[in-house]
Amino acid sequence: TASGAPITLSGDTATLGSGVAMAANHSAVKTALNASGDAPIYACRAWVKCNSSGTISASQNVTSVGNSSTGQYTVNFATSMPSADYAVVLGKERYGANDNGKYANFGTLTLTATSAQFQFVNPGVDFYDVGTMFMAVFA
110 TASGAPITLS GDTATLGSGV AMAANHSAVK TALNASGDAP IYACRAWVKC NSSGTISASQ
170 NVTSVGNSST GQYTVNFATS MPSADYAVVL GKERYGANDN GKYANFGTLT LTATSAQFQF
230 VNPGVDFYDV GTMFMAVFA
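Numbering (this note's numbering), first residue to last: 110 to 248.
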């Protein structure tokens with residue numbers, strides 16, 4: 110909030126409760142976000158932390174995570190992305206003693222405005238379900 114007034118974000122414009130609107134890259138917005146320089150600011154549109162069963166422990170703009178088959182997941186968005194042209198960042202918890210030395214290559218399968226499908230694979234072996242996984246979407 111700014112002086113107790115809520116800030117509403119819509120597209121690339123922030124509107125203060127007082128009705129003052131600013132573009133996302135306005136210097137006051139950058140200052141409020143502790144961002145500097147001329148590079149534009151882009152927000153994360155959705156993120157999730159979940160286990161291999163799709164149980165979500167924390168998220169924003171994600172309604173569910175489905176495990177369609179071993180190592181393959183679909184993340185469904187509460188609010189659609191502007192298009193299917195977006196970047197997905199994936200990660201997983203580090204492997205432990207019970208992972209039998211598995212490490213994961215991962216990548217996207219299908220991106221739509223309403224969901225992102227991705228997979229984890231142990232190279233040279235097969236698809237596998239990881240413990241805790243993380244995904245963020247930038248659009």
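Every residue gets a Cβ at the ideal spot worked out from N, C-alpha and C, and that includes glycine.
Query: Bridge partners - A137, DSSP secondary structure assignment; Result: In DSSP, A137 forms no bridge with anything.
Query: Alpha carbon of V246 to alpha carbon of F236, nearest angstrom; Result: 23 Å
Query: Cα-Cα separation between A111 and A137, rounded to whole angstroms; Result: The pLDDT assigned to A111 is 47, lower than 50, so where the model puts this residue is not dependable, and the model offers no usable value.
Query: Expected contact under 8 Å - CB spacing of S161 and G240 to nearest Å; Result: 6 Å
Query: DSSP three-state assignment for S224, whether helix, strand or coil; Result: strand
Query: Candidates P149, Y151, V174 and S145: closest to V157 by CA position; Result: V174
Query: Span separating the alpha-carbon of T140 from that of T221; Result: 33 Å
Query: Candidates N170, V184 and Q169: closest to N176 by CA position; Result: V184
Query: Neighbourhood of Y151 by C-beta distance below 7 Å, restricted to the same chain and skipping five residues each side; Result: F247
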